[in-house]
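This report refers to the structure that appears directly beneath it.
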Amino acid sequence: MIERDGQGMGADLRALRRSFSVVLRVHLSKFLLTLPVAIGFGALVHRELAHSLEAERFAAALEPALLLEFVRRIEPALGAGLVAFLAAMPLLMLALLFLDGALLRALQRPNSAAAGVSVWREGGQAMVPLLRLWPASFVLLVALGLLPAYGLHRLGRFVVEELADERTAFFIRLSLTALGALFLVHARASGDVARALVVSGAPLGLAVRGFFSAFLRPRLVLAASLPWAIGGLFVLVTLSLIDVRIGRTGTAWVIAGFLTQQLSGVLRTVLGAGWLAAASRLAASSCRPPDGVLPLGPPT
Amino acid sequence: MPTMFGLVPTALFALSVSNPTLPEPPPVVEYELEVRVEPDTRRLHGSGTLRFRNSTKAPADRLCFHLYLNAFRNEASTFMRELSVEAPRLELDEHGFVELLSLEEEGAGSDLLANARYISPDDGRPEDRTVLEVPLKSPLDPGADIELELSFVSQLPKPVARAGAIGGFMMAAQWYPKLGVLEPAAGGTEARWSCHQYHAIGEFFAPFGRYRVTIDVPDGHEVGATGPRVEMKTSSGRTRHVHQQDKVHDFAFVVDPRLERHERRFEATRELSEARRSSAAAHLGIEAEVLRGSDVKVILLIRPERRFAIERYFTAAFHALRELSLRFGPYPYSTLTVVDPPPGAGETGGMEYPTLITAGARFGAPASMPVPESVTIHEIGHQFFYGLVGTNEVQEAWLDEGLTSYATLRVYEQTYGRTLRFAPSLFGVPLSPWFVHPFEFREIELARLLSAPDQDPTIQPSWMFRDLRSYRVGVYARPVRFFMRLEQLYGAKTLDRALYRYAVAHRYGAPRSADLLRAIEAEAHGPLPEWVTEPLFRPGGFELAVSELVSRPVPEPRGIAEVRLEADRVVTSARTSTRAPGFFTTVVVERRGEMMRPAELLLTLEDGAVLRHKIKGRRRWWRFEHQGPRAVKAELFGADNDPLNQTQIHRARRLEAEHRPAFVFAGHSGYVVGLILDALRFLL
Ligand SMILES: [Zn+2]
Numbered sequence: 000m001i002e003r004d005g006q007g008m009g010a011d012l013r014a015l016r017r018s019f020s021v022v023l024r025v026h027l028s029k030f031l032l033t034l035p036v037a038i039g040f041g042a043l044v045h046r047e048l049a050h051s052l053e054a055e056r057f058a059a060a061l062e063p064a065l066l067l068e069f070v071r072r073i074e075p076a077l078g079a080g081l082v083a084f085l086a087a088m089p090l091l092m093l094a095l096l097f098l099d100g101a102l103l104r105a106l107q108r109p110n111s112a113a114a115g116v117s118v119w120r121e122g123g124q125a126m127v128p129l130l131r132l133w134p135a136s137f138v139l140l141v142a143l144g145l146l147p148a149y150g151l152h153r154l155g156r157f158v159v160e161e162l163a164d165e166r167t168a169f170f171i172r173l174s175l176t177a178l179g180a181l182f183l184v185h186a187r188a189s190g191d192v193a194r195a196l197v198v199s200g201a202p203l204g205l206a207v208r209g210f211f212s213a214f215l216r217p218r219l220v221l222a223a224s225l226p227w228a229i230g231g232l233f234v235l236v237t238l239s240l241i242d243v244r245i246g247r248t249g250t251a252w253v254i255a256g257f258l259t260q261q262l263s264g265v266l267r268t269v270l271g272a273g274w275l276a277a278a279s280r281l282a283a284s285s286c287r288p289p290d291g292v293l294p295l296g297p298p299t
Numbered sequence: 000m001p002t003m004f005g006l007v008p009t010a011l012f013a014l015s016v017s018n019p020t021l022p023e024p025p026p027v028v029e030y031e032l033e034v035r036v037e038p039d040t041r042r043l044h045g046s047g048t049l050r051f052r053n054s055t056k057a058p059a060d061r062l063c064f065h066l067y068l069n070a071f072r073n074e075a076s077t078f079m080r081e082l083s084v085e086a087p088r089l090e091l092d093e094h095g096f097v098e099l100l101s102l103e104e105e106g107a108g109s110d111l112l113a114n115a116r117y118i119s120p121d122d123g124r125p126e127d128r129t130v131l132e133v134p135l136k137s138p139l140d141p142g143a144d145i146e147l148e149l150s151f152v153s154q155l156p157k158p159v160a161r162a163g164a165i166g167g168f169m170m171a172a173q174w175y176p177k178l179g180v181l182e183p184a185a186g187g188t189e190a191r192w193s194c195h196q197y198h199a200i201g202e203f204f205a206p207f208g209r210y211r212v213t214i215d216v217p218d219g220h221e222v223g224a225t226g227p228r229v230e231m232k233t234s235s236g237r238t239r240h241v242h243q244q245d246k247v248h249d250f251a252f253v254v255d256p257r258l259e260r261h262e263r264r265f266e267a268t269r270e271l272s273e274a275r276r277s278s279a280a281a282h283l284g285i286e287a288e289v290l291r292g293s294d295v296k297v298i299l300l301i302r303p304e305r306r307f308a309i310e311r312y313f314t315a316a317f318h319a320l321r322e323l324s325l326r327f328g329p330y331p332y333s334t335l336t337v338v339d340p341p342p343g344a345g346e347t348g349g350m351e352y353p354t355l356i357t358a359g360a361r362f363g364a365p366a367s368m369p370v371p372e373s374v375t376i377h378e379i380g381h382q383f384f385y386g387l388v389g390t391n392e393v394q395e396a397w398l399d400e401g402l403t404s405y406a407t408l409r410v411y412e413q414t415y416g417r418t419l420r421f422a423p424s425l426f427g428v429p430l431s432p433w434f435v436h437p438f439e440f441r442e443i444e445l446a447r448l449l450s451a452p453d454q455d456p457t458i459q460p461s462w463m464f465r466d467l468r469s470y471r472v473g474v475y476a477r478p479v480r481f482f483m484r485l486e487q488l489y490g491a492k493t494l495d496r497a498l499y500r501y502a503v504a505h506r507y508g509a510p511r512s513a514d515l516l517r518a519i520e521a522e523a524h525g526p527l528p529e530w531v532t533e534p535l536f537r538p539g540g541f542e543l544a545v546s547e548l549v550s551r552p553v554p555e556p557r558g559i560a561e562v563r564l565e566a567d568r569v570v571t572s573a574r575t576s577t578r579a580p581g582f583f584t585t586v587v588v589e590r591r592g593e594m595m596r597p598a599e600l601l602l603t604l605e606d607g608a609v610l611r612h613k614i615k616g617r618r619r620w621w622r623f624e625h626q627g628p629r630a631v632k633a634e635l636f637g638a639d640n641d642p643l644n645q646t647q648i649h650r651a652r653r654l655e656a657e658h659r660p661a662f663v664f665a666g667h668s669g670y671v672v673g674l675i676l677d678a679l680r681f682l683l
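Which chain is which? The protein sequence lines are W and Y, in order.
Numbering follows numbering that gives the first Met the number 0, in which position 137 of the first sequence is assigned residue number 136; successive positions increment by one, without gaps.
Numbering follows numbering that gives the first Met the number 0, in which position 420 of the second sequence is assigned residue number 419; successive positions increment by one, without gaps.
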């Protein structure tokens with residue numbers, strides 16, 4: 000079906016390349032969002048450990064007793080920090096929605112219009128439709144993604160309860176959990192199709208219909224979205240594993256560790272943008288409701 | 000708190016240790032029971048005789064029984080109340096109980112149950128039915144016997160803790176009316192029952208005796224039990240397994256249609272070889288001959304799905320039997336049964352009973368994880384401290400859990416090394432330096448010590464601990480670090496000799512904490528200083544920290560030098576002396592916990608000189624000042640590496656700041672927040 004549209008994943012990659020500067024700016028914004036926590040936590044480590052003879056040992060490996068003592072010492076600050084983080088959650092969610100909007104708008108632009116896109120302007124323009132869509136898309140995500148995923152997870156536990164063979168039990172639970180994850184990914188991808196529609200100017204009702212239109216085409220949607228999700232998971236796992244920040248305390252290793260982490264962040268943002276490009280393509284073609292009269296193309 | 004236990008002359012002590020030629024007194028209890036097992040209803044129908052001998056010097060006018068399965072009778076029991084939030088809700092048909100149906104004095108024909116009543120000596124809770132007091136028709140004189148005929152019915156609960164039945168698997172522990180311990184009281188002129196209610200934590204204390212139990216099960220059921228099987232008869236669809244064991248203080252068994260039986264012989268001559276025995280004996284200062292043990296049949300009961308763990312079990316069990324025998328005297332029984340509870344019965348795992356333990360393998364546990372090895376070694380350790388040295392777990396749990404944990408640690412280190420390595424690898428290539436952090440087993444005990452507020456003394460009844468976390472700290476972790484402190488102060492050899500002598504002197508006995516401390520004093524050739532044993536008696540922890548180290552150039556002594564009166568005017572002159580060279584250094588040491596141990600502050604200066612100050616007394620803080628070269632670092636010699644010191648971060652301080660850890664962790668926390676943002680975005 001995708002091929003019939005003459006697009007496919009190549010189109011997503013082209014859209015991604017066109018909007019690369021926007022993607023980078025989105026990553027930078029996310030990096031800025033993480034800074035308060037990073038600085039706060041670094042300050043706590045500094046307060047407790049800068050003058051301790053155990054500083055290097057602390058940074059070199061996770062030793063249970065040392066880590067536990069540290070957590071006990073920073074407990075009050077940690078509690079306050081957590082409260083602040085939770086309090087800032089609505090703002091963070093708005094910021095994330097804003098950045099998504101900017102990405103979607105940039106990705107939907109044709110070749111010629113890609114240069115000189117402003118994250119602020121695009122994000123601002125996408126914000127109102129995205130916020131209007133949000134209640135409906137969140138309910139749909141919970142009902143068709145999170146609940147089935149949780150249900151399948153519980154079902155796994157229930158099915159294997161009386162099962163003596165742990166190997167079989169393990170694989171049954173693994174498969175059911177994987178199936179649940181698939182539901183979640185599919186519901187999320189269908190939600191992003193609706194977002195792509197609403198950002199490009201579709202009315203709310205049409206966007207919601209777009210959601211169902213996408214949700215009823217799991218093969219199409221998953222074929223377009225899963226590669227990006229799997230890529231993101233792969234980046235997450237491999238870069239976490241080869242992350243060198245702990246284990247070496249020399250300055251060069253500290254920098255190498257930091258760069259690894261940043262690389263992981265950039266790649267995840269790029270893959271996330273790829274996912275949105277796929278959603279936009281689906282919105283523009285296969286998953287648009289049949290009576291959708293919207294001239295999907297460059298937003299006006 | 001006084002901790003002088005009197006110094007027993009070593010020679011006298013040694014005399015009391017090795018006296019195997021004394022005629023042995025008859026056992027205090029002899030149980031001869033027959034139990035018909037009904038897997039469908041999870042019920043046990045029991046009957047038989049119990050002979051009890053009053054081994055005190057005072058008459059006894061009553062008997063006291065543990066009826067511990069009544070803990071699972073309903074939610075009002077002390078046990079279920081203490082479990083509180085952790086307690087799983089049991090459906091009506093999942094509860095358990097033990098009901099004594101009849102109790103008669105042999106020959107007298109009188110029913111003793113008529114005047115029996117449930118008592119709650121620990122918490123006074125009237126609903127609890129785990130202790131039954133039975134008045135006797137006439138007092139039982141010192142040295143006299145009484146023979147009782149009894150019948151009872153028990154029902155095993157769904158496994159909540161320790162005992163239970165699920166999916167055909169039945170773990171019968173505390174399944175029969177079990178006599179408490181009659182102890183001398185009031186200077187020996189009275190006798191008193193030590194018979195505690197069943198609590199959520201701490202359970203064992205019973206007299207040593209002889210058990211002969213016939214377990215009658217439907218055909219096709221495997222049975223594992225305390226002691227060797229001495230008889231087996233099959234008739235009309237049922238099989239009767241007769242197990243018998245002397246010199247034990249409890250009897251437990253397991254029944255299951257799907258357990259497989261694997262047996263291996265622990266050959267004493269090979270496992271406790273000449274070479275091993277002589278080196279261990281030299282270490283302990285005894286004759287090598289004393290360590291010559293006898294063969295043990297090790298029986299592993301495990302379901303076919305868990306066959307992958309068979310080798311791991313046997314290897315760990317053999318290691319434990321060998322090393323513990325060489326440390327605390329040979330394991331004296333002819334069997335050791337290791338049970339792997341099947342899936343769903345995990346709550347019955349990790350338990351010790353005489354000559355029978357339950358452990359627990361885990362599917363998918365990598366070879367580097369000590370599962371089921373550590374629990375197997377720990378429970379076999381209990382065969383010595385609980386089984387052979389039958390201390391009161393309800394009153395002084397550290398004597399079994401603390402000693403066993405320390406013994407486990409030593410055996411584990413000896414056989415598997417000091418560190419636990421959990422290193423994931425792909426085709427043999429270690430994946431990340433991040434995960435490759437060898438955990439020292441000793442450090443894990445320190446982490447456990449730090450895992451809960453230090454609010455309970457080690458020596459106190461188990462039900463008085465604030466919660467299970469505090470119990471784990473007070474009874475497991477703190478004693479392990481306490482023994483490490485002794486190891487550090489007196490040397491491993493002295494401690495090992497003391498523990499050996501304690502274990503051998505009190506084999507088949509019920510020593511108290513003072514007996515253990517006395518054994519250590521005897522080997523240490525002197526009383527243990529108060530600060531050494533303080534953590535056993537008092538909560539509050541020990542933490543001696545360098546909380547401040549400042550070294551600044553000596554300030555210019557500006558200000559007023561002279562004040563004069565000149566024509567009614569006050570005239571001052573400024574100080575003109577030049578600045579003294581060098582630095583002004585201040586160090587503050589804080590005692591943050593309740594405990595104290597003498598230490599020495601070592602202040603290292605830039606020119607390499609080291610200044611020493613004594614830290615003693617029970618102040619909360621000490622300040623030291625020094626003028627001269629700039630300071631480099633301040634350390635607390637003695638306290639810094641004390642195993643009970645609850646700070647590593649602040650046990651020493653340096654003047655120069657090291658910034659890299661802050662950068663490392665700032666980067667890492669930013670990375671983690673980035674992941675959280677991505678996850679949020681996905682779920683938004
Ligand atoms: Zn234990």
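Think of the CB as a built atom: it goes at the ideal place given N, C-alpha and C, for glycine as much as any other residue.
Comparing alpha-carbon positions, the option among Ser-550/Y, His-242/Y, Glu-657/Y lying closest to Phe-583/Y turns out to be Ser-550/Y. The straight-line gap separating the alpha-carbon atoms of Asp-60/Y and Tyr-507/Y is approximately 25 Å. When beta bridges are read from the DSSP output, Phe-203/Y appears opposite no residue. Cβ neighbours of Tyr-405/Y within its own chain (closer than 6 Å, five residues either side excluded): Val-479, Phe-482. The C-beta of Ser-101/Y has fewer than 16 other C-beta atoms within 10 Å across all chains shown, which makes the residue exposed. Interface criterion met: the Cβ of Tyr-670/Y is under 7 Å from a Cβ in chain W. Taking 9 Å as the cut-off between beta carbons, the residues of the region 49 to 62 of chain W near chain Y are Ala-49, His-50, Ser-51, Leu-52, Glu-53, Ala-54, Glu-55, Arg-56, Phe-57, Ala-58, Ala-59, Ala-60, Leu-61, Glu-62, in sequence order. Annotation: Lys-56/Y is outside any beta strand (DSSP E) and is labelled neither H nor E by DSSP.
Note on geometry: alpha-carbon atoms of Glu-288/Y and Arg-276/Y lie some 8 Å from one another. No heavy atom of ligand 1 is found nearer than 6 Å to the CB of Thr-646/Y. By the C-beta density criterion, Val-562/Y is exposed, having fewer than 16 other C-beta atoms within 10 angstroms. Rounded to whole angstroms, the separation of the alpha carbons of Pro-217/Y and Leu-676/Y is 60 Å.
Within 6 Å of the C-beta of Glu-392/Y there is not a single heavy atom belonging to ligand 1.
In this structure Lys-232/Y is exposed. Its beta-carbon is surrounded by fewer than 16 other beta-carbon atoms within 10 angstroms. If you draw a 10 Å sphere on the C-beta of Phe-170/W, you find fewer than 16 other C-beta atoms in it, and that means exposed. When the five nearest sequence neighbours on each side are left out, the beta carbons in the same chain lying within less than 6 Å of the beta carbon of Tyr-67/Y are those of Thr-129, Gln-173, Tyr-197, in order along the chain.
Between Leu-196/W and Ala-206/W the beta-carbon gap is near 4 Å, inside 8 Å, which marks them as a contact. Chain Y has a Cβ within less than 7 Å of the Cβ of Gln-260/W. Under a criterion of Cβ atoms nearer than 7 Å, the residues of chain W adjacent to Gly-673/Y are, in order, Lys-29, Thr-33, Gly-264. Cys-63/Y is bridged by DSSP to Glu-132/Y. Rounded to whole angstroms, the gap between the alpha carbons of Leu-271/Y and Val-247/Y is 24 Å. Glu-146/Y is bridged by DSSP to Arg-50/Y. A distance below 6 Å between beta-carbons, with the five flanking residues on each side excluded, links Leu-610/Y to the following residues of its chain, in chain order: Leu-602.
Relative to ligand 1, the nearest heavy atom lies less than 6 Å away from the CB of Thr-403/Y. DSSP, read as helix, strand or coil, puts Pro-552/Y in strand. Considering only beta carbons, the part of the region 152 to 168 of chain W lying closer than 8 Å to chain Y consists of Glu-160, Glu-161, Leu-162, Ala-163, Asp-164, Glu-165, Arg-166, Ala-168, in chain order.
Within chain Y, the C-beta atoms nearer than 9 Å to that of Arg-267/W come from Gly-673, Leu-674, Asp-677, in chain order.
Identification of chain W residues near Gln-243/Y by a Cβ-Cβ cut-off of 9 Å yields none; the smallest Cβ-Cβ distance measures about 32 Å. Considered as a whole, the region 101 to 188 of chain W harbours 118 to 140, 146 to 159 as its complete alpha helix (DSSP H) runs of no fewer than 4 residues, in chain order.
When beta bridges are read from the DSSP output, Phe-168/Y appears opposite Ile-165/Y.
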